[in-house]
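What follows is a set of notes on a single structure, which appears directly below.
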Amino acid sequence: MKAKMKKFLSVAAAVMIGLTAGLTAPVRMETTVSAASLSEIQAKKKEVQKNLDEANANLKEIEGKMNEEAAYQQQLSYQISLNQQKINLLNEQITALTDSIAEKEELIEEKKQEIIDKEAEIEQKQGEIDQTYELFKVRMRSLYMAGETSSLEMLFSSESFADFLTNVELMKAVSQSDNQLVDNLRAQKSEQEEQKAELVEIKAQEEEALAGIEQDKEDIILQRENIKATQSELEAAYAKSKTAQQDYEALQEQYKSNKSAVLAEEKAVEAELQAWYAAQAAQSSGTANSQFCWPLPGYTYVSSGYGSRWGGFHTGMDITGGGVYGANIVAAESGTVILAASHYSYGNYVIIDHGGGYTTLYAHASSILVSVGQQVSRGQAIAKVGSTGNSTGPHLHFEVRINGAHKNPAGYVHP
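Numbering (this note's numbering), first residue to last: 521 to 935.
Laid out in structure tokens, this is it:
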């Protein structure tokens with residue numbers, strides 16, 4: 521039996537008292553006042569049990585919420601740690617890119633100087649071209665003014681063959697000079713075009729030097745800021761959860777305090793009920809055999825005796841042994857079956873009234889062999905051992921009650 525069985529005792533006691541009163545009227549003498557007192561006590565006991573159930577439900581609910589918050593906080597902590605790792609990695613990447621940008625900026629400064637130098641070269645070359653071109657125009661103007669026959673006139677005007685040869689050489693030199701002038705102009709122009717192409721390339725390199733890396737840096741910074749925003753949300757959620765957890769803990773303490781108060785009240789009501797039973801027993805004129813036979817023949821091991829257990833009170837004794845499942849449970853004494861039913865805690869159980877205020881209870885049966893109102897004999901099989909209800913294994917839970925008050929069965933039965 522577990523502590524939850526206690527909840528049923530008040531109801532069972534009331535049923536047993538009521539039925540026993542009907543079956544053993546000559547034994548019990550009750551006044552109207554005492555009956556009313558018992559009704560009041562039972563009502564108080566029922567209310568206390570209701571409050572205790574509510575306290576246990578509140579504690580169970582708050583513990584569930586606390587466990588949920590703890591699991592949620594663990595999840596948040598993991599996500600916060602993971603995000604921090606990402607932020608650290610992005611910070612490293614940003615630092616590396618910043619260093620790379622600094623290097624690129626140095627390269628750009630070099631490229632800018634190259635551009636300045638190259639533009640100066642182009643400008644200088646343009647001056648040379650302009651100068652050469654001016655010479656070429658002067659030469660062309662001179663040739664035009666001289667006309668096409670000037671060269672022949674120079675040759676035919678020679679006074680001697682020697683003069684003729686001299687004039688021929690002179691004409692060759694002039695022709696070579698003109699050709700050289702044109703070639704120089706072409707070469708200068710070609711060189712300038714190459715310089716301009718180099719300038720375009722240098723400027724393109726300058727533009728490209730930072731374009732890609734700056735974009736990468738901006739992308740990573742954006743990623744970092746997004747993760748930081750998420751991190752802030754996670755940290756806020758964690759703080760809120762911690763506050764909720766503290767509120768739950770405070771509420772849990774309040775519920776525990778309430779439960780302690782209810783348990784104290786339950787103890788007081790139980791004492792009042794036992795006092796009532798004792799008074800009734802003192803007035804009883806009936807007699808009954810206080811020595812019963814062993815209710816589970818062949819099995820003598822008591823796995824849990826009468827008394828405090830697991831923070832509650834065990835109202836009977838548990839008898840068990842190897843191969844006990846399905847064994848016969850017998851009536852401890854002759855009497856009348858007043859209950860044969862099923863209960864969430866007792867499982868399948870039987871209560872027998874033996875007269876004189878004595879009743880016995882047999883719980884956790886796998887099956888019941890008798891019915892309400894049936895007369896049974898001492899040692900007669902009334903049920904089979906099982907593990908129904910609030911049970912951790914096959915056994916018989918056996919109780920002895922006098923006027924509804926539970927007593928230690930060890931004082932009434934022996935193997």
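The beta-carbon is built from N, C-alpha and C at its ideal position, and this holds for glycine as well.
Computed from a prediction, not measured in an experiment: that's the story for all the values here.
- By the criterion of at least three beta-carbon pairs nearer than 8 Å, the region 773 to 782 is in contact with the region 573 to 588.
- Gln599 places its beta carbon 8 Å or farther from that of Ser761.
- When DSSP states are grouped into helix, strand and coil, Leu754 belongs to the helix group.
- Gly827 is bridged by DSSP to His834.
- The three-state secondary structure of Tyr768, taken from DSSP, is helix.
- Spatial neighbours of Gly827 in its own chain (CB-CB distance under 8 Å, excluding positions within 5 residues in sequence) are listed in chain order as Phe833, His834 and Asn928.
- Counting C-beta atoms within 10 angstroms of its own C-beta, His934 has fewer than 16 neighbours from the protein chains shown and is therefore classed as exposed.
- The Cβ-Cβ distance between Ser886 and Val857 does not fall below 8 Å.
- Three or more pairs of CB atoms, one per stretch, sit closer than 8 Å, so the region 641 to 655 contacts the region 705 to 717.
- In the DSSP assignment, His874 falls within the beta strand (DSSP E) that extends over Gly867 to Gly875.
- Beyond the five residues adjoining it in sequence on each side, Val892 comes within less than 6 Å, by CB distance, of Val857 and Ala860 in the same chain, given in chain order.
- Sequence-distant partners of Ser620 (beyond 5 residues in either direction) whose C-beta falls short of 7 Å from its own C-beta, in its chain, are Ile733.
- Going by beta carbons, Gln751 and Asn608 fall outside the 8 Å limit.
- About 12 Å separates the Cβ atoms of Gly899 and Ile872, ruling out a contact at the 8 Å cut-off.
- The residue from Gly842, His917, Trp830 and Ser865 with its alpha-carbon nearest to that of Val850 is His917.
- Counting of Cβ neighbours within 10 angstroms places Ile888 among the buried residues, the total reaching 16 or more.
- Rounded to whole angstroms, the separation of the alpha carbons of Gln766 and Ser601 is 23 Å.
- Annotation for Gly855: the continuous beta strand (DSSP E) segment containing it runs Gly855 to His863.
- By the neighbour-count definition (other C-beta atoms within 10 Å, threshold 16), Ile636 is an exposed residue.
- Where Thr880 is concerned, the enclosing beta strand (DSSP E) starts and stops at Tyr878 to Ile888.
- For the set Gln725, Ser911, Gly913 and Glu648, the Cα lying nearest the Cα of Arg706 is the one of Glu648.
- In the three-state DSSP reduction, Leu602 falls in the helix class (H, G or I).
- Arg921: member of the beta strand (DSSP E) spanning Leu916 to Ile922, first to last residue.
- Rounded to whole angstroms, the Cβ separation of Gly846 and Tyr821 is 17 Å, and the two are not in contact under 8 Å.
- Nearest in C-alpha terms to Tyr819, of all of Asp703, Gln811, Gly831 and Asn848, is Asn848.
- Around the CB of Gln569, 16 or more other CB atoms lie within 10 Å, so the residue is classed as buried.
- The DSSP-derived three-state label of Val822 is strand.
- Going by DSSP, Ala852 is part of no beta strand (DSSP E) at all; its letter is neither H nor E.
- Asn928 sits in coil when the DSSP states are folded into three classes, being neither helix nor strand.
- In this structure Tyr869 is buried. Its beta-carbon is surrounded by 16 or more other beta-carbon atoms within 10 angstroms.
- Annotation: Gly909 to Tyr768 spans about 32 Å, alpha carbon to alpha carbon.
- By the C-beta density criterion, Gly584 is exposed, having fewer than 16 other C-beta atoms within 10 angstroms.
- Lys580 is not a Cβ neighbour of Val789, given a cutoff of 8 Å.
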